[in-house]
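One structure is given here, and the rest of the page talks about it.
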Amino acid sequence: MTVPLGSVAWVEEGLGANIVNREDVSRMIVVSTNVSGRPLGTVVKDIQRTIAREVPLPQGYTIRYGGQFESEERATASLVFYSAVAAVVIGVLMVISVKSVPATVAIMLNLPLALIGGVVAVLLTGGVLSIASLIGFITLFGIAVRNGLLLVDNYNRRHGAGQPLGEVIREGSLERLNAILMTALSSALGALPLALAFGAGNEILQPLAVVVLGGLTTSTALTLLVLPALYARFGHWLLPARDGSASSLASLPS
0 MTVPLGSVAW VEEGLGANIV NREDVSRMIV VSTNVSGRPL GTVVKDIQRT IAREVPLPQG
60 YTIRYGGQFE SEERATASLV FYSAVAAVVI GVLMVISVKS VPATVAIMLN LPLALIGGVV
120 AVLLTGGVLS IASLIGFITL FGIAVRNGLL LVDNYNRRHG AGQPLGEVIR EGSLERLNAI
180 LMTALSSALG ALPLALAFGA GNEILQPLAV VVLGGLTTST ALTLLVLPAL YARFGHWLLP
240 ARDGSASSLA SLPS
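Residue numbers (numbering that gives the first Met the number 0): 0 to 253.
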């Protein structure tokens, strides 16, 4: 026996979901899109602001941002953690190298000097902090620490040879000036094409290069001013103690 559908139901044409997805027993709708020409984090923040302002969510509804954005968030957290571990290891190695905790602290002061230029560069180019920017900061901090270590190691060597503090700072800085400037210049010239690049991939390379260029400008200039000034004021605490042989040689008349 055949029963017409109209005798047991009302039939209407309309739009509806052809499949119902679930995750953790909750219904889920996936909305996906591709992003090009802008950093993914910036696009997601714009979406979050627009939804918060214009889309009132019914009770029980939530929005979760996944995909590449979720992966980038996890990668950022891991990057920050391992960067902190690397900073601790670098600090320990510098203490072993320069044989002075205060001198190590003085070298680490180069990091905020580099941070100033990097942050200003990010703000001038849109104020977006991405994973590429964080990698740029890590690269920048390595260069800044190296420049400080060049100066401090030369100060320690000259101090151990018996030179007075004034000569240690003046001659030690002048001797390492070319090395520091050439390091900064070569790094800046390498990053400049990336900062000026346009087209596919520039959303990754450009933020990294912008941070490196901005930070190199301030860290190089301020390192050559701040570190010698610190040693001129607190050199007796920053320089390691001379060994007995060096002290006795320095006391002999010429």
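Heads up, the beta-carbon is just placed ideally off N, CA and C, and yes, glycines get one too.
None of the values given here were measured: they were computed from a predicted structure.
Quickly, what does DSSP pair residue i with across the bridge? List them, please.
{"i": "N20", "result": "M27"}
Quick check on this structure: which residue in the options has the alpha carbon closest to the alpha carbon of residue i?
{"i": "F233", "options": "A105, V2, L191", "result": "A105"}
{"i": "R169", "options": "I18, L139, N155", "result": "N155"}
{"i": "I142", "options": "A8, S186, V43", "result": "S186"}
{"i": "H158", "options": "V88, V87, H235", "result": "H235"}
{"i": "V209", "options": "D23, V127, V24, T103", "result": "V127"}
{"i": "G59", "options": "S25, A228, A76", "result": "S25"}
{"i": "T216", "options": "R175, I179, R241, P163", "result": "I179"}
{"i": "S35", "options": "E202, P192, T1, I95", "result": "E202"}
{"i": "I89", "options": "G147, N177, L176, T219", "result": "G147"}
{"i": "F140", "options": "A113, P163, D23", "result": "A113"}
{"i": "A16", "options": "A8, S77, R48, I28", "result": "I28"}
{"i": "S77", "options": "R241, P38, I130", "result": "I130"}
{"i": "T103", "options": "A231, L226, L39", "result": "L226"}
{"i": "L176", "options": "P192, L191, A220, T138", "result": "A220"}
{"i": "E22", "options": "R63, M0, E12", "result": "R63"}
{"i": "L39", "options": "Q67, M93, A231, G13", "result": "Q67"}
{"i": "T138", "options": "V211, R37, A8", "result": "V211"}
{"i": "L173", "options": "A194, L224, P192", "result": "L224"}
{"i": "A240", "options": "A194, P192, L193, P101", "result": "P101"}
Contact defined as beta carbons within less than 8 Å: I believe residue i pairs with residue j. What is the distance between those atoms, to the nearest angstrom?
{"i": "A120", "j": "G189", "result": "Not really, about 16 Å apart at Cβ, beyond 8 Å."}
{"i": "G117", "j": "F136", "result": "6 Å"}
{"i": "V144", "j": "N109", "result": "6 Å"}
{"i": "L150", "j": "G171", "result": "7 Å"}
To the nearest angstrom, report how far apart residue i and residue j are at their CA atoms.
{"i": "V42", "j": "N33", "result": "10 Å"}
{"i": "L123", "j": "A196", "result": "17 Å"}
{"i": "I18", "j": "T61", "result": "20 Å"}
{"i": "V167", "j": "L238", "result": "10 Å"}
{"i": "P111", "j": "T222", "result": "11 Å"}
{"i": "I134", "j": "V79", "result": "10 Å"}
{"i": "G30", "j": "V2", "result": "Correcting the residue type first, residue 30 is Val in the shown sequence and not Gly. The alpha-carbon atoms of V30 and V2 are separated by roughly 40 Å."}
{"i": "N153", "j": "S218", "result": "19 Å"}
{"i": "L4", "j": "T75", "result": "57 Å"}
{"i": "I95", "j": "P206", "result": "34 Å"}
{"i": "S132", "j": "R48", "result": "22 Å"}
{"i": "G65", "j": "M107", "result": "37 Å"}
{"i": "S82", "j": "A183", "result": "22 Å"}
{"i": "V204", "j": "D45", "result": "First, the residue type needs correcting, since residue 204 is Leu and not Val in the sequence shown. Cα to Cα, the separation comes out at about 22 Å."}
{"i": "V91", "j": "I50", "result": "47 Å"}
{"i": "A228", "j": "P163", "result": "15 Å"}
{"i": "N20", "j": "S6", "result": "32 Å"}
{"i": "S99", "j": "I115", "result": "26 Å"}
{"i": "V10", "j": "R37", "result": "47 Å"}
{"i": "Y230", "j": "M93", "result": "17 Å"}
{"i": "G13", "j": "M0", "result": "29 Å"}
{"i": "L193", "j": "A86", "result": "26 Å"}
{"i": "L191", "j": "V97", "result": "33 Å"}
{"i": "M181", "j": "G165", "result": "25 Å"}
Would you say the stretch 68 to 76 touches the stretch 48 to 56, given that touching needs at least three Cβ pairs under 8 Å? no
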